[in-house]
Amino acid sequence: MKRTMAHCTECDAEVTVPDDPLVGEIVDCTVCGTELETVEVSPPVLQRAPELAEDWGE
Ligand SMILES: [Zn+2]
0 MKRTMAHCTE CDAEVTVPDD PLVGEIVDCT VCGTELETVE VSPPVLQRAP
50 ELAEDWGE
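With numbering that gives the first Met the number 0, the residue at position 30 of the sequence shown is 29, and numbering never jumps.
What follows is the structure, given as structure tokens:
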């Protein structure tokens, strides 16, 4: 099983993203704990996830 790596925007650590990531998928940086949102999938690019607001998303 291959692993896809992307970089945390906060601490630049390598973060493993799911093998078949989806845009909008949230992964946690294991180093700094920041929630990162997948904004591109090929190659995967992460950005800091927005703070969850009420009724965000749906
Ligand atoms: Zn980090």
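Glycine included, each C-beta is placed from N, C-alpha and C at the ideal position. The structure presented is a predicted model; accordingly, all values stated were derived computationally and were not measured.
Original post:
Nearest-angstrom Cα distance between glutamate 39 and cysteine 28?
Top reply: 17 Å
Original post:
If you run the structure through DSSP and keep just helix, strand and coil, what is alanine 5?
Top reply: Under the three-state reduction of DSSP, alanine 5 is assigned to strand.
Subject >> With 16 other Cβ atoms within 10 Å as the buried cut-off, status of proline 58 >> reply: For the chain, the structure presents residues 0 to 57; residue 58 sits outside this window and is missing.
**OP:** Check whether the Cβ of valine 16 sits closer than 7 Å to any heavy atom of ligand 1, and report yes or no.
**Re:** Checking every heavy atom of ligand 1 against the Cβ of valine 16, none is found closer than 7 Å.
Subject >> Secondary structure of proline 43, DSSP reduced to three states >> reply: strand
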